[in-house]
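Just so you know, full-length UniProt numbering puts 117 at position 117 of the sequence shown, and the rest follows in order with no gaps. In what follows, a structure is listed as structure tokens, so that the remarks can point back to it.
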Amino acid sequence: MKLAMSGCEYAGTTTLGLAISGWVENTLGADFGFHDHFKIPHVSHPPGDSKEENDKAYADWSAGKGPDPTRMGLTTEEQELFLALTPNLQEMFQRYHLDYHLQPSFYAAPHHNVIGMHVEEAVYAPLYYGYGGPGEYADRTQMVHHIEERMLEMAPDTVNILVTASPEVIRQRMKDDPHQNAVLREKDIEHVLQRFQEEFDKSLISNKFSIDTSTATVDESLAEFVEKIDPFLNDADRTCILVENAKKAGEWV
Numbered sequence: 001m002k003l004a005m006s007g008c009e010y011a012g013t014t015t016l017g018l019a020i021s022g023w024v025e026n027t028l029g030a031d032f033g034f035h036d037h038f039k040i041p042h043v044s045h046p047p048g049d050s051k052e053e054n055d056k057a058y059a060d061w062s063a064g065k066g067p068d069p070t071r072m073g074l075t076t077e078e079q080e081l082f083l084a085l086t087p088n089l090q091e092m093f094q095r096y097h098l099d100y101h102l103q104p105s106f107y108a109a110p111h112h113n114v115i116g117m118h119v120e121e122a123v124y125a126p127l128y129y130g131y132g133g134p135g136e137y138a139d140r141t142q143m144v145h146h147i148e149e150r151m152l153e154m155a156p157d158t159v160n161i162l163v164t165a166s167p168e169v170i171r172q173r174m175k176d177d178p179h180q181n182a183v184l185r186e187k188d189i190e191h192v193l194q195r196f197q198e199e200f201d202k203s204l205i206s207n208k209f210s211i212d213t214s215t216a217t218v219d220e221s222l223a224e225f226v227e228k229i230d231p232f233l234n235d236a237d238r239t240c241i242l243v244e245n246a247k248k249a250g251e252w253v
């Protein structure tokens, strides 16, 4: 299963991505991590040295006992240093960062999930980072199409998922749980939501659907994902599900 998730900050991409990982591990019997470290200055993996450490960090966060692991990759000092870089240097880093996550080794694996990645760059870079606007060098909107072409060459069954929520809900979540070094500004919520929708609508990835988390619980959003992903499951995914069901029923030897 190859996913490309995106959505406005506070819409719930990380929360849903984590829930999807749990569902895949339980239903397909496969590890299903995700890459969710593309918002400046949160541009590094969680600091755990093992899957067990990172799983615990995510479990603690989900239980309200720890910080969001996607914002722990760099120390506070390192985040400030990254924010102090010129737009030119930030652009260069992010360009290489995106390209790295398009390497064939990622897509040779049976499962791969990127959250935000190129779509976040197209939305946030011209608005907040000072680079990548229309007609500029490394125009991020143009880059979206080049990146999705490469994705589809390696994984034509990639599924594009837009996670969204109403402006009122985004505002309330910003107040209830403000993110360290958040990207989104309250005055821009409607515009940013619209931009994510625009990029979703014109995406080259034809396998796609959206999930609105405005009034849904995490379990309800996950159930919506399970229903909507079904038509896009490939033969390998369905075989994994059958095998895992047989194992749980004691019918697998």
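Every residue, glycine too, gets a C-beta built ideally from N, C-alpha and C.
Lysine 56: member of the alpha helix (DSSP H) spanning 51 to 62, first to last residue. Straight-line spacing of the CA atoms in proline 167 and alanine 246 works out to 44 Å. Excluding sequence positions up to five before and after phenylalanine 232, its CB lies within less than 6 Å of the CB of Val159 and Asn207, all in the same chain and listed in chain order. Between the stretch 50 to 61 and the stretch 69 to 83 there are three or more inter-stretch CB-CB distances shorter than 8 Å, so the stretches are counted as touching. Scanning the stretch 102 to 137 from its first residue to its last, the whole alpha helix (DSSP H) runs of 4-plus residues come out as 104 to 108 and 117 to 124.
Distance from the CA atom of aspartate 177 to the CA atom of methionine 92, rounded to whole angstroms, is 31 Å.
When the five nearest sequence neighbours on each side are left out, the beta carbons in the same chain lying within less than 7 Å of the beta carbon of aspartate 237 are those of Met1 and Leu28, in order along the chain. Look at phenylalanine 82 here: in three-state DSSP terms it is helix. Annotation note: the stretch 158 to 214 contains the following uninterrupted beta strand (DSSP E) runs of length 3 or greater, listed N- to C-terminal: 159 to 164 and 208 to 212. Excluding its 5 nearest sequence neighbours in each direction, glutamate 148 has C-beta neighbours in its own chain below 6 Å: Leu204 and Ile205, listed in chain order. The beta carbon of isoleucine 241 lies closer than 7 Å to those of Thr27 and Leu28 in the same chain, with the five residues before and after it left out. Nearest to arginine 140 by C-alpha distance, out of Arg150, Met154 and Ala125, is Ala125. Here DSSP, grouped into helix, strand and coil, assigns leucine 152 to helix.
For threonine 86, the closest alpha carbon among the candidates Gly48, Gly12 and Ile40 is that of Ile40.
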